[in-house]
Amino acid sequence: MAKKINLQPENFELETTTVWAFPNRGKWATHDAKYRGNWSPYVPRNIILRYSKEGDIVLDQFVGGGTTAVESKLTKRNFIGVDINPTAVELSKNKCNFEFEGDATIDISVGDARKLCLDNESVDLICTHPPYADIIHYSEGIDGDLSLLPMKEFLSQMKYVADESYRVLKRDKFCAILMGDTRKKGMVQSLAFETMRMFELAGFKLKEIIIKEQHNCKATGYWKTNSIKYNFLLLAHEYLFVFKK
(Lines of atoms letter the chains of each structure in order from A; the text may use other names.)
(Lines give C-alpha, C1' and ligand atoms only; values in the text may rest on other atoms or scores of the structure.)
Protein backbone atom coordinates (compact mmCIF):
# COMPACT_ATOMS: atom_id res chain seq x y z
CA MET A 454 0.00 0.00 0.00
CA ALA A 455 1.40 3.38 -1.03
CA LYS A 456 2.33 5.74 1.75
CA LYS A 457 -0.14 8.58 2.11
CA ILE A 458 1.47 12.01 1.74
CA ASN A 459 0.39 15.32 3.21
CA LEU A 460 -0.67 17.50 0.30
CA GLN A 461 -0.84 20.81 2.15
CA PRO A 462 1.44 22.59 4.65
CA GLU A 463 0.35 22.65 8.26
CA ASN A 464 -0.65 25.95 9.88
CA PHE A 465 0.18 27.98 6.76
CA GLU A 466 -0.22 31.76 6.96
CA LEU A 467 0.48 34.34 4.27
CA GLU A 468 3.57 36.48 4.79
CA THR A 469 2.72 40.09 5.66
CA THR A 470 6.12 41.83 5.74
CA THR A 471 8.97 42.35 3.28
CA VAL A 472 11.31 39.93 5.11
CA TRP A 473 10.65 36.21 4.60
CA ALA A 474 12.41 33.33 6.33
CA PHE A 475 11.64 29.62 6.05
CA PRO A 476 14.11 27.63 8.19
CA ASN A 477 11.89 24.59 7.59
CA ARG A 478 11.81 24.79 3.80
CA GLY A 479 8.65 22.66 3.42
CA LYS A 480 8.22 18.99 2.50
CA TRP A 481 4.51 18.55 1.81
CA ALA A 482 3.21 16.89 -1.35
CA THR A 483 6.16 15.87 -3.58
CA HIS A 484 8.49 18.70 -2.54
CA ASP A 485 12.10 18.04 -1.62
CA ALA A 486 15.49 19.76 -1.87
CA LYS A 487 17.10 17.32 -4.30
CA TYR A 488 17.07 19.70 -7.28
CA ARG A 489 20.00 21.96 -6.55
CA GLY A 490 19.10 25.60 -5.98
CA ASN A 491 15.33 25.09 -6.03
CA TRP A 492 13.27 27.43 -3.90
CA SER A 493 11.21 26.67 -0.85
CA PRO A 494 7.58 25.95 -1.80
CA TYR A 495 6.56 28.59 0.72
CA VAL A 496 7.75 31.23 -1.76
CA PRO A 497 5.56 30.35 -4.76
CA ARG A 498 2.65 29.48 -2.46
CA ASN A 499 2.73 32.99 -0.98
CA ILE A 500 3.03 34.59 -4.42
CA ILE A 501 0.30 32.45 -6.01
CA LEU A 502 -2.20 32.95 -3.19
CA ARG A 503 -1.62 36.70 -2.93
CA TYR A 504 -1.48 37.64 -6.61
CA SER A 505 -3.82 35.21 -8.37
CA LYS A 506 -7.10 33.36 -7.94
CA GLU A 507 -8.33 29.84 -8.59
CA GLY A 508 -8.53 29.05 -12.29
CA ASP A 509 -5.90 31.63 -13.28
CA ILE A 510 -2.94 30.73 -15.48
CA VAL A 511 0.45 30.74 -13.73
CA LEU A 512 3.68 30.71 -15.76
CA ASP A 513 7.13 29.59 -14.65
CA GLN A 514 9.52 29.82 -17.59
CA PHE A 515 12.40 28.37 -15.54
CA VAL A 516 10.42 25.43 -14.18
CA GLY A 517 13.50 23.58 -12.90
CA GLY A 518 12.52 21.04 -10.25
CA GLY A 519 8.80 21.76 -10.53
CA THR A 520 8.14 23.52 -7.24
CA THR A 521 5.92 26.22 -8.78
CA ALA A 522 4.09 23.59 -10.81
CA VAL A 523 3.22 21.56 -7.73
CA GLU A 524 2.05 24.65 -5.83
CA SER A 525 -0.11 25.74 -8.76
CA LYS A 526 -1.79 22.34 -8.80
CA LEU A 527 -2.34 22.38 -5.03
CA THR A 528 -3.87 25.88 -5.16
CA LYS A 529 -6.09 25.05 -8.16
CA ARG A 530 -4.35 27.28 -10.68
CA ASN A 531 -3.70 26.28 -14.27
CA PHE A 532 0.01 26.06 -14.93
CA ILE A 533 2.39 26.53 -17.84
CA GLY A 534 5.96 25.44 -17.21
CA VAL A 535 8.89 25.93 -19.56
CA ASP A 536 12.52 24.88 -19.28
CA ILE A 537 15.29 24.62 -21.83
CA ASN A 538 16.53 21.43 -20.13
CA PRO A 539 14.52 18.27 -21.01
CA THR A 540 15.69 16.63 -17.76
CA ALA A 541 14.07 19.41 -15.73
CA VAL A 542 10.87 19.11 -17.75
CA GLU A 543 10.58 15.37 -17.05
CA LEU A 544 11.36 15.88 -13.37
CA SER A 545 8.70 18.56 -13.08
CA LYS A 546 6.12 16.38 -14.78
CA ASN A 547 6.89 13.55 -12.37
CA LYS A 548 6.58 15.90 -9.40
CA CYS A 549 3.03 16.73 -10.50
CA ASN A 550 2.08 13.08 -10.88
CA PHE A 551 -0.14 12.77 -7.81
CA GLU A 552 -3.87 12.70 -7.28
CA PHE A 553 -5.54 15.91 -6.17
CA GLU A 554 -9.13 17.08 -6.29
CA GLY A 555 -9.13 20.01 -8.67
CA ASP A 556 -9.63 20.98 -12.30
CA ALA A 557 -6.26 22.65 -12.84
CA THR A 558 -4.36 21.82 -16.04
CA ILE A 559 -0.59 21.37 -15.84
CA ASP A 560 1.31 21.96 -19.09
CA ILE A 561 5.10 21.54 -18.89
CA SER A 562 7.31 21.49 -21.98
CA VAL A 563 10.79 22.21 -23.32
CA GLY A 564 11.13 25.83 -24.39
CA ASP A 565 13.13 29.03 -24.21
CA ALA A 566 12.24 31.77 -21.72
CA ARG A 567 13.52 34.32 -24.24
CA LYS A 568 10.99 33.26 -26.89
CA LEU A 569 7.83 31.82 -25.41
CA CYS A 570 5.24 30.04 -27.55
CA LEU A 571 2.42 31.97 -25.88
CA ASP A 572 -0.03 34.60 -27.04
CA ASN A 573 0.20 38.22 -25.97
CA GLU A 574 -1.40 38.91 -22.59
CA SER A 575 -2.39 35.28 -22.02
CA VAL A 576 -0.96 34.71 -18.52
CA ASP A 577 -2.38 35.84 -15.16
CA LEU A 578 0.78 35.50 -13.04
CA ILE A 579 4.48 34.88 -13.59
CA CYS A 580 6.21 33.18 -10.67
CA THR A 581 9.76 32.14 -11.45
CA HIS A 582 13.23 31.46 -10.09
CA PRO A 583 15.88 31.82 -12.81
CA PRO A 584 19.48 30.64 -12.44
CA TYR A 585 21.86 33.13 -10.85
CA ALA A 586 24.05 33.49 -13.94
CA ASP A 587 26.68 30.71 -13.89
CA ILE A 588 26.74 30.01 -10.13
CA ILE A 589 25.11 26.61 -10.73
CA HIS A 590 25.36 24.94 -14.15
CA TYR A 591 22.14 23.08 -14.92
CA SER A 592 23.41 21.39 -18.08
CA GLU A 593 26.65 20.51 -19.81
CA GLY A 594 26.15 22.60 -22.89
CA ILE A 595 22.51 22.95 -23.90
CA ASP A 596 22.26 25.83 -26.36
CA GLY A 597 20.36 28.67 -24.69
CA ASP A 598 20.97 27.50 -21.11
CA LEU A 599 21.40 30.79 -19.24
CA SER A 600 23.03 29.01 -16.29
CA LEU A 601 26.17 28.62 -18.41
CA LEU A 602 26.63 32.37 -18.93
CA PRO A 603 28.81 34.74 -16.88
CA MET A 604 27.06 37.73 -15.36
CA LYS A 605 27.44 40.23 -18.21
CA GLU A 606 26.19 37.81 -20.87
CA PHE A 607 23.49 36.50 -18.54
CA LEU A 608 22.07 40.00 -18.04
CA SER A 609 22.08 40.68 -21.78
CA GLN A 610 19.88 37.59 -22.23
CA MET A 611 17.65 38.42 -19.26
CA LYS A 612 16.61 41.50 -21.20
CA TYR A 613 14.84 39.20 -23.66
CA VAL A 614 13.32 37.21 -20.77
CA ALA A 615 11.95 40.43 -19.28
CA ASP A 616 10.53 41.57 -22.62
CA GLU A 617 8.79 38.22 -23.15
CA SER A 618 7.43 38.27 -19.61
CA TYR A 619 5.91 41.67 -20.25
CA ARG A 620 4.45 40.53 -23.57
CA VAL A 621 2.65 37.42 -22.29
CA LEU A 622 1.40 38.84 -18.98
CA LYS A 623 -2.04 40.40 -18.83
CA ARG A 624 -2.31 44.08 -17.98
CA ASP A 625 -2.53 44.91 -14.25
CA LYS A 626 -1.22 41.44 -13.39
CA PHE A 627 1.96 40.52 -11.51
CA CYS A 628 5.37 39.02 -12.20
CA ALA A 629 7.45 37.69 -9.29
CA ILE A 630 11.10 36.75 -9.71
CA LEU A 631 13.62 35.53 -7.10
CA MET A 632 17.24 36.49 -7.68
CA GLY A 633 20.42 36.56 -5.60
CA ASP A 634 23.81 38.22 -5.82
CA THR A 635 27.25 36.72 -6.19
CA ARG A 636 30.76 37.64 -5.11
CA LYS A 637 33.88 37.85 -7.29
CA LYS A 638 37.35 38.52 -5.95
CA GLY A 639 35.91 39.56 -2.60
CA MET A 640 33.48 42.10 -4.06
CA VAL A 641 29.71 41.79 -4.33
CA GLN A 642 28.31 41.58 -7.85
CA SER A 643 24.78 42.99 -7.75
CA LEU A 644 23.15 40.46 -10.04
CA ALA A 645 19.75 40.89 -8.39
CA PHE A 646 19.36 44.63 -8.88
CA GLU A 647 20.80 44.49 -12.38
CA THR A 648 18.13 41.89 -13.19
CA MET A 649 15.49 44.07 -11.56
CA ARG A 650 16.55 46.91 -13.83
CA MET A 651 16.02 44.73 -16.92
CA PHE A 652 12.41 44.15 -15.92
CA GLU A 653 11.86 47.85 -15.27
CA LEU A 654 13.28 48.67 -18.70
CA ALA A 655 10.82 46.17 -20.19
CA GLY A 656 7.98 48.30 -18.82
CA PHE A 657 7.22 46.72 -15.45
CA LYS A 658 6.55 48.79 -12.32
CA LEU A 659 8.15 47.60 -9.09
CA LYS A 660 5.53 46.80 -6.46
CA GLU A 661 7.58 45.01 -3.78
CA ILE A 662 11.17 44.16 -2.87
CA ILE A 663 11.16 41.23 -0.45
CA ILE A 664 14.26 40.08 1.39
CA LYS A 665 14.30 36.29 1.62
CA GLU A 666 16.69 34.82 4.17
CA GLN A 667 18.68 31.80 3.09
CA HIS A 668 18.90 28.72 5.29
CA ASN A 669 20.59 25.32 5.09
CA CYS A 670 22.97 26.32 2.29
CA LYS A 671 25.48 23.70 1.20
CA ALA A 672 29.20 24.22 2.05
CA THR A 673 28.31 26.70 4.79
CA GLY A 674 31.13 25.41 7.02
CA TYR A 675 33.73 25.86 4.29
CA TRP A 676 32.55 29.36 3.45
CA LYS A 677 32.21 30.36 7.10
CA THR A 678 35.87 29.52 7.65
CA ASN A 679 36.92 31.44 4.56
CA SER A 680 34.72 34.44 5.38
CA ILE A 681 36.74 34.95 8.56
CA LYS A 682 40.07 34.15 6.96
CA TYR A 683 39.58 36.52 4.00
CA ASN A 684 37.32 39.08 5.74
CA PHE A 685 34.03 38.99 3.83
CA LEU A 686 30.42 38.46 4.85
CA LEU A 687 28.44 35.46 3.65
CA LEU A 688 25.56 36.36 1.37
CA ALA A 689 22.59 35.03 3.36
CA HIS A 690 19.71 36.65 1.51
CA GLU A 691 18.01 36.80 -1.86
CA TYR A 692 15.64 39.34 -3.38
CA LEU A 693 12.09 38.57 -4.42
CA PHE A 694 10.94 41.28 -6.81
CA VAL A 695 7.24 41.66 -7.49
CA PHE A 696 6.44 43.67 -10.62
CA LYS A 697 3.13 44.89 -11.99
CA LYS A 698 2.30 45.37 -15.65
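Under my numbering, think of the first position of the sequence shown as 454, with each following residue one higher. All C-beta atoms, glycine included, are put in the ideal place defined by N, C-alpha and C. Fair warning: this is a prediction, and the values are worked out from it, not measured in the lab.
Coarse secondary structure for residue 578, derived from DSSP in three states | Position 125 of the sequence shown, counted from the first residue, corresponds to residue 578. Of the three classes helix, strand and coil, the one that applies to residue 578 here is strand, per DSSP.
Just mark residue 577 as buried or exposed, buried being the case when its beta carbon has 16 or more other beta carbons within 10 Å.
-> The residue labelled residue 577 in the question sits at position 124 within the sequence shown. Flag for residue 577 reads buried.
Backbone secondary structure at residue 488 - three-state DSSP | One-based indexing of the sequence shown puts residue 488 at position 35. Of the three classes helix, strand and coil, the one that applies to residue 488 here is coil, per DSSP.
CA-CA distance, residue 644 and residue 585?
-> By 1-based counting over the sequence shown, the position of residue 644 is 191. By 1-based counting over the sequence shown, the position of residue 585 is 132. When rounded, the distance between both Cα atoms is 7 Å.
Are three or more beta carbon pairs between the segment 605-625 and the segment 543-557 nearer than 8 Å?
-> no
Distance between residue 492 and residue 458 (C-alpha atoms, nearest Å) | Counted from its first residue, the sequence shown places residue 458 at position 5. Counted from its first residue, the sequence shown places residue 492 at position 39. In a straight line, the C-alpha of residue 458 is about 20 Å away from that of residue 492.
Out of 691, 652, 684 and 649, point me to the one whose CA is closest to residue 666's CA.
-> Numbered from its first residue, the sequence shown carries residue 666 at position 213. Per the Cα distances, 691.
Helix or strand or just coil, what does DSSP make of residue 531?
-> As a working mapping, residue 531 is identified with position 78 in the sequence shown. Strand, per DSSP.
Considering residue 602, what are the terminal residues of the alpha helix (DSSP H) in which it resides?
-> Translated into the one-based positions of the sequence shown, residue 602 becomes position 149. Careful: residue 602 lies outside any alpha helix (DSSP H) and carries neither H nor E.
Curious, which full-length alpha helix (DSSP H) runs of at least 4 residues does the segment 622-664 contain?
-> 644-654
Between 548, 568, 595 and 567, which lies nearest to residue 559 when the distance is taken from Cα to Cα?
-> Counting from one through the sequence shown, the residue named residue 559 turns up at place 106. Cα-wise, what sits closest to residue 559 is 548.
With a Cβ-Cβ cutoff of 8 Å, do residue 501 and residue 528 count as a contact?
-> As a working note, residue 501 is residue 48 in the sequence shown. As a working note, residue 528 is residue 75 in the sequence shown. Cβ distance < 8 Å, so residue 501 and residue 528 count as in contact.
Taking Cβ positions, are residue 697 and residue 617 nearer each other than 8 Å?
-> Numbered from 1 along the sequence shown, position 244 holds the residue referred to as residue 697. Numbered from 1 along the sequence shown, position 164 holds the residue referred to as residue 617. Cβ atoms of residue 697 and residue 617: not closer than 8 Å.
Compute the Euclidean distance between the alpha carbons of residue 606 and residue 635, then round it to the nearest angstrom.
-> What you label residue 606 is simply residue 153 of the sequence shown in a count that begins at 1. What you label residue 635 is simply residue 182 of the sequence shown in a count that begins at 1. If I take the Cα positions, the gap works out to 15 Å.
Can the beta-carbon of residue 583 be found less than 8 Å from the beta-carbon of residue 537?
-> What you label residue 583 is simply residue 130 of the sequence shown in a count that begins at 1. What you label residue 537 is simply residue 84 of the sequence shown in a count that begins at 1. Not in contact: residue 583 and residue 537 (Cβ atoms no closer than 8 Å).
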